[in-house]
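J.: Using our numbering, you'd call the opening residue of the sequence shown number -19 and step up by one each time.
For glycine and all other residues, C-beta sits at the position ideal for the given N, C-alpha and C.
No experiment lies behind these values; they were computed from the predicted model shown.
Take a look at the following structure, please.
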Amino acid sequence: MADRIYYPNAELAKTSYCNSMDQYKKMHEKSIKQPEEFWSKIAKQFYWETTSSNDKFFSYNFNRNEGDIFIKWMEGASTNISFNLLDKNVKCGNGDKIAFYWEGNDIEDYSRLTYRKLLEETCKFANVLKSKGVQKGDRVAIYMPMILELPIAMLACTRIGAVHSVIFAGYSSDSLAERVLDSKAKVLLTTDGAWRGSKLLHLKAICDQAMDKVKSHGHNVESCIVISHLRRVTCPPGNTSDGGKTKNGTSNGSSSEVNLSWDDDRDCWWHEEMEDADSSCYPVWVAAEDPLFILYTSGSTGKPKGVLHTTAGYLIYAATTFKYVFDYKPNDVYWCTADIGWITGHTYVVYGPLANGATSVLFEGTPFYPQNDRYWSVIDKYKVSQFYTAPTAIRSLMKFGDDLVKKYNLDSLKVLGSVGEPINSEAWLWFYYLIGHGKCSIVDTFWQTETGGHVVTPLPGATPMKPGSASFPFFGVLPELLDEDGKIIEGEGEGYLVFRQPWPGMMRSLYGNHERFQTTYFDKFNGFYCTGDGARRDSDGYFWVTGRIDDMLNVSGHLMSTAEVESVLAEHGAVAEAAVVSKPHPVKGQCLYCFITPNEGKNFDKQLQDELKKKIRERIGPFAQPDIIHHAPGLPKTRSGKIMRRILRKIAVGDRNVGDTSTLADEGIVDLLFQLRPEA
Ligand code: WT7
């Protein structure tokens, strides 16, 4: 069944924005050959305070021999994103339309926000930021759960031209500190805490630790604005937690609080600041290439990379991909389950939907709380028409059986989306038949933090689907496959996935480090943006992304580098050396498999393993916890001392077929490591 081709539902195709492969091909060709015309027509849907001239609309250099890499869209134009997402929607009669349905961690907690109210709150908070001295170009760090104040805060930044840096609220204080320090954020936003399932996260306490750390490195966070979130939500039944939380016995409306430490010169409450804030705020007009946000992603050398996105190009690309890929229609309710702490949440929870005047669900909880049917109950509750999630979530929900799904009415669904890693055909088929009832299109969207929006993806009313294939490039995107020598592979074949020219939504630089931007993405193949992923093109021209080819790991859709994990492991006093590889995992896609060489005289025991796991949880985040720690008295290395991860990956899965070992300094080590394999 997996080899079959699945055609878009004819009903859906009838009304979709792009409803045939012919139309797709025509539009794609135009977007590549006449990018100025293609994108300037789209840009006309938005408000520009000043416009760009035709000759300046698009310029770039992808070739380092010809100077620095640069990408510019709509030079000379100026605009304000919050104005386009909010004021414009209110002015055209959508003020009372719901922008977000908020669904809390607990079923009892929900609310909604109209476009008018979102505009008002955004303006008020923009004025609060101004009162804290935030100006155009200043960085604001945001460490928050999935609550309505999060998009409000991001939009408030854009209102005044400040640059937001959202940091996923599952990161540890060290990871948070590193990101706050790198961006030199002036203000940090957080909540007192948040419930994730039945677990309490002490977000303000984590921020306190991070701010201390940042201070010890010479940077001062001037203000920390805290949302009092816990008092207004229901606390999980039977949960008595530390931190002085008071538990109220009733099942709804219970309040919970944590003891917070407070620095009066720095910390303030969101609700107090908002009380007297003016609800109008004239937008600051910013240039097309002014920075919009920084979002950190893992780098293969360990230090996170501050991916920088700018204003005009990102806006038109987020809006256009959202419209065509999800085929959003005015009365639809759209739901993307991704956390706003990741790029998927930036582009497809906040910017893309709001640019299209869409109604979305913003979900704070997890798929497993209070029961493993939460996703299906939310789809039923809000009559969701587009549902966008990750293969890891699909796989973890599959194992609870079909009955949990069948309890709910999922007839409202039209388009299903997948993102974050390759989707295996079993999960694809389950998604297609059980969730989509065989009538929804599945869009397997390939993209990256760096690409800003979808770059290889089916269009739901046009593209015949092959389970596991992201299919064809989006408008403006020109992919190529290259071999190791940089030669272009024509027709069928497999190689490095690269892009030949920029589309409007791609990153512009790494914050504060343009050189690293150039070497990371453009040095490997001169003239091309290198994704770091491998891909295959089949005889019908479909792209199949096969995964990372650099030393990167993708655990449940969280990208991290082997180097980043190794350096934390190696800090442990008992560890001489650490090498980390990924191992396929039925739910997470990949899991971390760590080889540890203990120091002389140190034991490799259960205690050490537990300590190492704990260290990773604390330093990187719970999602990075290794599944397996393998005792490695030595590591397979080349004579020049390079760890051969290819061999470690084989050992991790118990595959004796390790290939050529002749370049190893000590070939005996391979056998030894097989003998020491922990029982899986
Ligand atoms: C990496 C980017 C973009 C949002 C989520 C992750 C992998 C992403 C797919 C897909 C195969 C995929 C790639 C990519 N990836 N989507 N549909 N099929 N692989 O953003 O953290 O920047 O990770 O995720 O390996 O390079 P990110």
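Between which two residues does the beta strand (DSSP E) containing K179 stretch?
T.: K179 to L181
J.: Take L572 as the anchor and find which of P284, W356, V545 and G466 has the nearest alpha-carbon.
T.: V545
J.: Which class does R516 belong to by DSSP, given the choice of helix, strand or coil?
T.: strand
J.: Is the beta carbon of T290 less than 8 Å from the beta carbon of E269?
T.: yes
J.: Return the chain-ordered list of same chain residues with a C-beta closer than 6 Å to the C-beta of D86, the five sequence neighbours on each side being excluded.
T.: T214
J.: From the DSSP secondary-structure annotation, give me the bridge partner or partners of D247.
T.: Its beta-bridge partners are C204.
J.: Any chance the CB of L533 is under 7 Å from a heavy atom of the ligand WT7?
T.: no
J.: Helix, strand or coil for H326 per DSSP?
T.: helix
J.: Are there 16 or more other CB atoms within 10 angstroms of the CB of S234, so buried, or fewer, so exposed?
T.: Per-residue confidence for S234 stands at a pLDDT of 39, beneath the threshold of 50, marking its modelled position as unreliable; no derived number is given.
J.: Out of D635, K595 and T499, state which residue places its alpha-carbon closest to the alpha-carbon of N43.
T.: T499
J.: Using the Cβ count rule (16 or more neighbours within 10 Å means buried), how would you classify P310?
T.: P310 should be labelled exposed.
J.: Please work out which residues of its chain come closer than 8 Å, Cβ to Cβ, to V525, disregarding the five sequence neighbours upstream and downstream, and give them in chain order.
T.: P402, F426, V436, A450, L477, D513, G514 and A515
J.: For L713, which option in Y123, H144, H199 and S196 has the closest C-alpha, if you only look at C-alpha atoms?
T.: The structure shown does not extend to residue 713, since the chain spans only -19 to 660, so no value can be given for it.
J.: Determine the DSSP secondary structure at S235, reduced to helix, strand or coil.
T.: With a pLDDT of only 44 at S235, under the threshold of 50, the placement of this residue in the model should not be trusted; the figure read from the coordinates follows. In this structure, S235 counts as coil in the three-state DSSP scheme.
J.: Less than 8 Å between the beta carbons of G177 and Y362, yes or no?
T.: no
J.: Please state whether DSSP places R119 in a helix, a strand or coil.
T.: strand
J.: Thinking just about the alpha-carbon of each residue, which of L628, V146, L396 and D172 is nearest to the one in V238?
T.: D172
J.: Going by C-alpha to C-alpha distance, which of D312, K68, V108 and W82 sits closest to S(-4)?
T.: D312
J.: By a C-beta neighbour count over all protein chains shown, 10 Å radius and 16 as the cutoff for buried, is A(-10) buried or exposed?
T.: It is exposed - the Cβ of A(-10) has fewer than 16 other Cβ atoms within 10 Å.
J.: Mapping DSSP to helix, strand and coil, what is L240?
T.: coil
J.: So, using beta-carbon positions, are L99 and D67 closer together than 8 Å?
T.: yes
J.: On the DSSP letters alone, give me the boundaries of the alpha helix (DSSP H) that P371 sits inside.
T.: DSSP places P371 inside the alpha helix (DSSP H), whose first and last residues are P371 to M378.
J.: For the ligand WT7, I want to know if F426 counts as a neighbour, meaning its beta carbon is within less than 7 Å of at least one of the ligand's heavy atoms.
T.: yes
J.: Leaving out five residues before and five after I649 in sequence, what residues of the same chain have Cβ atoms less than 6 Å from its Cβ?
T.: G614 and P616
J.: Report the rounded CA-to-CA distance for R211 versus T94, giving the unit in angstroms.
T.: For R211 and T94, the distance between alpha carbons rounds to 23 Å.
J.: Is any heavy atom in the ligand WT7 found nearer than 7 Å to the beta carbon of A450?
T.: The ligand WT7 approaches A450 closely enough that one of its heavy atoms is under 7 Å from the residue's Cβ.
J.: Please identify the residue among F502, V201 and D2 whose C-alpha is closest to the C-alpha of K112.
T.: V201
J.: Does the segment 41 to 59 come within contact of the segment 250 to 269, defined as at least 3 CB pairs closer than 8 Å?
T.: Here the segment 41 to 59 lies against the segment 250 to 269, with 3 or more beta-carbon pairs under 8 Å apart.
J.: Return yes when the Cβ of L439 is within less than 8 Å of the Cβ of Y4, no when it is not.
T.: yes
J.: Report the residue ranges of all alpha helix (DSSP H) runs contained in full by the segment 573 to 653; include only those spanning at least 4 residues, in chain order.
T.: Look at the segment 573 to 653 and you find these whole runs of alpha helix (DSSP H), each 4 residues long or longer: 586 to 599 and 625 to 633.
J.: So what does DSSP say about W315, is it helix, strand or coil?
T.: strand
J.: In chain order, what residues of the same chain lie with their CB nearer than 7 Å to the CB of L414, ignoring the 5 residues before and after it?
T.: D382 and V385
J.: What's the gap between the Cα of N228 and the Cα of Y509?
T.: Here the model assigns N228 a pLDDT of 39, short of 50, so the residue's position is not dependable and the matter cannot be decided.
J.: DSSP three-state label for R480, please.
T.: coil
J.: Could you pull the start and end residues of the alpha helix (DSSP H) that G397 belongs to?
T.: Taken as a continuous stretch (DSSP letters only), G397 belongs to no alpha helix (DSSP H), being part of the beta strand (DSSP E) at V395 to S398.
J.: Look at the alpha carbon of K184 and the alpha carbon of A645, and state the distance between them as a whole number of angstroms.
T.: 50 Å
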